[in-house]
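These notes are about the structure you will find just below.
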Amino acid sequence: RRSSDLAPKQQLEKAAWQWAESVRPEEVRREHIELAYRVLLGSCRRDARRRNCRGNPNCLVGLGEHVWLGEIDENSFHNIDDPNSERRCKNTFVGLTNLGATCYVNTLLQVWFHNLELRQALYLCHSPRKEMGTGERIEDDADFEPQSVCEHLQYLFALLQSSNRRYIDPSGFVKALGLDTGQQQDAQEFSKLFMSLLEDTLSKQNNPDVQNIIQQQFCGQYAYVTVCNQCGWESKLLSRFYELELNIQGHKQLTDCIEEFLKEEKLEGDNRYFCDKCQDKQNATRKIKLLNLPRTLNLQLLRFVFDRQTGHKKKLNSYISFPEVLDLSPYLERKDVSTVYELSAVLIHRGVSAYSGHYIAHVRDDRTGDWYKFNDEEIEKMEGKKLQLGIEEDLAEPSKSQTRKPKCVKGVHCSRNAYMLVYRRKGEMSKEKDISVQLPAHLQKMVERDNKKFEEWCMEMAEMRKQSVDKGKAKHEEVQELFNMLPAKEDELYEFVPVDWLRKWLDDSAVTKPIDNSCNLCAHGGLNPDKICDVKRISQKAADIFYARYGGGPRLDASALCADCVMEKCRILRLKNQLNEDYKIISNLTRTTLQSLEGYWVGKTSLRSWRQLALDQLDGKDDDSDLADGKSNGEGLNNLHAKGDDEMTGEKDNEDMNFNEDLVCPHGDLCTSETERRLVSEETWKRLKAYFPKSPEFAHYHSPCVQCQVLEKEGEENETLSKMMANEQKSALLCLFQEKNRPILIKWPEETDVLYIVSQFFVEEWKKFIRKPTKCSPVSSVGNNALLCPHGGLMFTAESMTKEDSKHVALIWPNEWEILHKLFVVDNTIKVMRKTSIAETGSVQVEYSTSPGLCVECREGLLCQQQRDLREYTQATIYIRKVVDNIKVMKEGAPELNMSGSEAEEEREEFKIEGEKDPDFNQSNGAKRRKLAHLCIGNTHSSVHYKPGIRRSTRHRVRGEKELLVSANQTLKELKIQIMHAFSVAPFDQNLSLEGRMLTDDTATLGNLGIIPESVILLKADEPIADYTAMDDIMQVCMPEEGFKGTGLLGH
1 RRSSDLAPKQ QLEKAAWQWA ESVRPEEVRR EHIELAYRVL LGSCRRDARR
51 RNCRGNPNCL VGLGEHVWLG EIDENSFHNI DDPNSERRCK NTFVGLTNLG
101 ATCYVNTLLQ VWFHNLELRQ ALYLCHSPRK EMGTGERIED DADFEPQSVC
151 EHLQYLFALL QSSNRRYIDP SGFVKALGLD TGQQQDAQEF SKLFMSLLED
201 TLSKQNNPDV QNIIQQQFCG QYAYVTVCNQ CGWESKLLSR FYELELNIQG
251 HKQLTDCIEE FLKEEKLEGD NRYFCDKCQD KQNATRKIKL LNLPRTLNLQ
301 LLRFVFDRQT GHKKKLNSYI SFPEVLDLSP YLERKDVSTV YELSAVLIHR
351 GVSAYSGHYI AHVRDDRTGD WYKFNDEEIE KMEGKKLQLG IEEDLAEPSK
401 SQTRKPKCVK GVHCSRNAYM LVYRRKGEMS KEKDISVQLP AHLQKMVERD
451 NKKFEEWCME MAEMRKQSVD KGKAKHEEVQ ELFNMLPAKE DELYEFVPVD
501 WLRKWLDDSA VTKPIDNSCN LCAHGGLNPD KICDVKRISQ KAADIFYARY
551 GGGPRLDASA LCADCVMEKC RILRLKNQLN EDYKIISNLT RTTLQSLEGY
601 WVGKTSLRSW RQLALDQLDG KDDDSDLADG KSNGEGLNNL HAKGDDEMTG
651 EKDNEDMNFN EDLVCPHGDL CTSETERRLV SEETWKRLKA YFPKSPEFAH
701 YHSPCVQCQV LEKEGEENET LSKMMANEQK SALLCLFQEK NRPILIKWPE
751 ETDVLYIVSQ FFVEEWKKFI RKPTKCSPVS SVGNNALLCP HGGLMFTAES
801 MTKEDSKHVA LIWPNEWEIL HKLFVVDNTI KVMRKTSIAE TGSVQVEYST
851 SPGLCVECRE GLLCQQQRDL REYTQATIYI RKVVDNIKVM KEGAPELNMS
901 GSEAEEEREE FKIEGEKDPD FNQSNGAKRR KLAHLCIGNT HSSVHYKPGI
951 RRSTRHRVRG EKELLVSANQ TLKELKIQIM HAFSVAPFDQ NLSLEGRMLT
1001 DDTATLGNLG IIPESVILLK ADEPIADYTA MDDIMQVCMP EEGFKGTGLL
1051 GH
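Per the UniProt record's numbering, residue 1 is the first one in the sequence shown, and the count goes up by one each step.
Pasting the structure below:
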């Protein structure tokens, strides 16, 4: 390979040692040593190179110095943001931190905060807490801390009004409500529940302005008016409302939604109305009449609706247009009140799913008329006092049936993401301009306390920035002073320092530690020539300053150039160059037949791979000559007895084998097998010895290991004895071995009244020995103790041994039992006895008994444990079989989605038993499915492989059936979701049954329902789902919805 084809580092390496081809190790001089350490290489100029030459110790560019040698911006000395960026700007509002999934809370808090009348009334709300013994209000305490939900809301509003921060943390308020910050909830439901909670809290106040503020602001009234078609009788049922819930399906305008809400409904047929005047059921009409409208009108657009197919919510992403000015006079009977409303807020949900997405709010400031977008911490003022929704609509992912955005006239807006509209009665906004909301004294103190903390934090951050800048300036001056001093001039004293240390010295983000040269030392205490790429040569003057300021060591000057290491590497390089020639010579020598039986023994494996072993050894020494390489000869022989069990038994890994160690026995002597070694000539051995000077040496006259010969002889004798013993036992118990003419308890043989019992484990181990007597150990004991409990009683009944326990025991004839007594040690005799008697009726009665008898207590404990194991499983396999009118479906459903394909395959491979075939649809090129080996004897459950982690089965699965991985503690509802993914059948349309018993309780766990591993559940579907897009929302739901269960919203 030409030098021009090599990488720069390799070119420098080759040039540094090129002299070794013509210079022997003993001829190495000072000039060769300096060439090896590249002392005389030229340095690089900063204007010529940008990257550092790793192979050149004199190259000092590209280490990070460019950051310091030019003009530097002070901001580059620190990574601390300007604390003033966290400060609230003048005439702006304060944002709210999103605690994970609390954006729906933040949007509604901003809307309620901008209702000045509500905010003012809330400030007037007094805490019912009193100080002990004084009767004074606790708010007067300087250390007052909010506790109740109302107190936290007061403090939150006070911070939103007067805080110096750009955004505040609402965690106190969220924690007081007990909300889960990691789970997004229904914003509309939260709005209704919180308004109800707030109204209930404020109704206990004595101040009427506080007591009735929720009703005054948000409460309206309508009536359900029913008119009898027969007599014209009209009945009214009055009802209050705090928001109008408007259906948007099939509508494009807000007014259409309102008209549908108020439209007349006909009560006919089974739905007829009982008329109090007619005293009979009559056809009638019913409609809603608006009687009173609130000051603040909340319109809930029902975007999140229940989907019967999936059993969960989904979002409607259709466009709805709504005006900035809404006139409700056509829908109100009274004409003496103002019915014109102005748009005050629009709440947006970005995203196509009901279970994900992001909430933001567009709110109008009643004082200025400006519109603001509140997006958690970020607040953006809209230009021109106009509401702008454009970008919010673009971020929603379009569905397949997406329609184009309709054109809107001036004063009308269109949105497919708006879910709540807030209108204020015209005139109310102008009144609010005159309202001055003052903070109560205790809230003012709390805000001032928080502002003080914020100012202290700003000062602390500013001081940290200043310290970082001062430190950076000092470092800047130091680098500019020293960097030009680093290059060592000709005939100037020099030292070597680690290149990594120089990089960290030039890196302002890292703390400069003392210089550490220990990792660059050779075995002789000098500089390792193989580490020359990891150090740089600098002037001794610069090195003196570095060591004085930072310390460290050891110092490596010109005297650290190690002549011993250079000579050793010279020897290695010369051997490498000689290797190819020697390989050809040795190959020719080994092909020729030896004229005499004299020479040296070499392992055949070593002889085949000696060239690679030599290369590995030379490379190892070349890479790290100061450390003994793991493949160096001599180490293996000296440490042979300290190695592992594999090597003591002669099983060595060829990759870790040292040369000629393949003919070394475990005792360190020549192995006895001549098939593993070969005799080579003395010339061949001398050439090999040059590369492996410490390899084991065995001349032709060396005798094999005596100990190994004795052991081999004993092993041959033992194998002969084992074969004779196996043949004898097989002949004596041939029927037991071949499983012929075996007694069965169900069909008790007439020729005997007694049968004996041994454990099935004993029989299987004995058969292994009979089949392979030289590889398996002989069985010495029957081991019946394993079938007995600690009390000495039997763990099985005669009946269970014919069924589920048959796989644990083997029945033995009396004559076989006598043979077992002679051949093996019998620790316990276990037998089953039959007793027949004639009843008074003349019928024959048969009774079975065991000796020893059954231990009832331990038997019950065993059964309980077995049942518990069946109901406390995790990641076990069950089978779902789809049927239509009790006929199996032969067509496969949708692919299984209970696990991703890659995850399922990985877990199957991880837990698959060695040598086990995949029992499910194991096909190759369309061939028929292979038959499964019967791995177990007994009932269905006995075929389950209980391994740690996922349980696997060898059960033969039928077509139209799918297997699912389930756990005993998951609910039936969760199982139905898995089934939906596998068969495309919605949970509501699933009829599940187990052994003829219907499974209907969705909240019950599988363990409580009696579903155990290997269960087969029948699925009958009412109506299949053909549209997979209907499952978009449910695919994102893993657990059943709990809503606001367990929070403070449901506790009032």
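Positions of the beta carbon are idealized from the N, C-alpha and C atoms, including for glycine.
- Judged by DSSP secondary structure, Trp601 falls within the beta strand (DSSP E) whose first and last residues are Tyr600 to Gly603.
- Around the Cβ of Met459, a 10 Å sphere holds fewer than 16 other Cβ atoms; the residue is exposed.
- Per the Cβ contact rule, the segment 758-777 is in contact with the segment 724-732 (3 or more Cβ pairs under 8 Å).
- Restricting attention to Arg88, Glu151, Gln217 and Cys562, the CA atom closest to the CA of Leu116 is found in Gln217.
- Excluding its 5 nearest sequence neighbours in each direction, Lys740 has no C-beta neighbour in its own chain below 6 Å.
- For Met998, the enclosing beta strand (DSSP E) has its first and last residue at Arg997 to Leu999.
- Val566 and Lys541 have their C-alpha atoms roughly 27 Å apart.
- In this structure, the alpha-carbon of Arg465 lies about 49 Å from that of Ala16.
- Residue range Ala441 to Phe483 is occupied by the alpha helix (DSSP H) that includes Met459.
- Less than 9 Å separates the beta-carbon of Phe762 from that of Gly783.
- Taking a cut-off of 8 Å for Cβ pairs, the segment 677-696 and the segment 712-723 do not touch, as fewer than three such pairs fall below it.
- Linking Ser127 to Lys204 through their CA atoms gives a straight-line distance of about 10 Å.
- Only residues of its own chain outside the window of five on either side were considered, and among them Leu811 have a CB closer than 7 Å to the CB of Arg742, listed in chain order.
- Inter-residue distance for Pro704 and Glu712 is about 12 Å (C-alpha atoms, whole angstroms).
- The criterion of a C-beta distance shorter than 9 Å is satisfied by Ala732 and Ile819.
- Taking a contact to require three or more Cβ pairs closer than 8 Å, the segment 236-255 and the segment 290-302 qualify as touching.
- Tyr104 places its beta carbon 9 Å or farther from that of Glu377.
- In this structure, the alpha-carbon of Glu31 lies about 17 Å from that of Gly526.
- For Glu974, the enclosing alpha helix (DSSP H) has its first and last residue at Leu972 to Phe983.
- Rounded to the nearest angstrom, the Cβ distance from Gln184 to Ala101 is 4 Å, consistent with a contact under 8 Å.
- DSSP lists Gln300 and Leu347 as the bridge partner or partners of Met420.
- By the beta-carbon neighbour count (other beta carbons within 10 angstroms, threshold 16), Thr226 is buried.
- When rounded, the separation of the alpha-carbon atoms in Leu96 and Thr1003 is 37 Å.
- DSSP, read as helix, strand or coil, puts Phe218 in helix.
- Separation of the CB atoms of Phe824 and Ser781 is rounded to 6 Å, and the pair is thereby assigned contact status at 8 Å.
- Boundaries of the beta strand (DSSP E) harbouring Ala1021: Val1016 to Ala1021, taken from the DSSP string.
- A buried status is given to Asn106, since no fewer than 16 other beta-carbon atoms sit within 10 Å of its beta-carbon.
- In chain order, Arg425, Lys426 and Gly427 place their CB closer than 7 Å to the CB of Ser338, counting only its own chain and leaving out the 5 sequence neighbours on each side.
- Going by DSSP, Cys855 is part of no alpha helix (DSSP H) at all; its letter is neither H nor E.
- Here Asn212 carries a coil assignment [DSSP, helix/strand/coil].
- Excluding five sequence positions before and after Trp748, the CB atoms of its chain that fall closer than 6 Å to its own CB belong to Arg834, given in chain order.
- Rounded to whole angstroms, the gap between the alpha carbons of Ala982 and Glu961 is 10 Å.
- Proximity of the segment 974-989 to the segment 1015-1022 meets the contact definition, three or more beta-carbon pairs being nearer than 8 Å.
- Straight-line measurement puts the Cα of Ser993 at about 11 Å from the Cα of Val883.
- Going by C-alpha positions, Asn375 is about 10 Å away from Gln110.
- Per DSSP, the continuous alpha helix (DSSP H) segment holding Lys569 begins and ends at Ala563 to Arg591.
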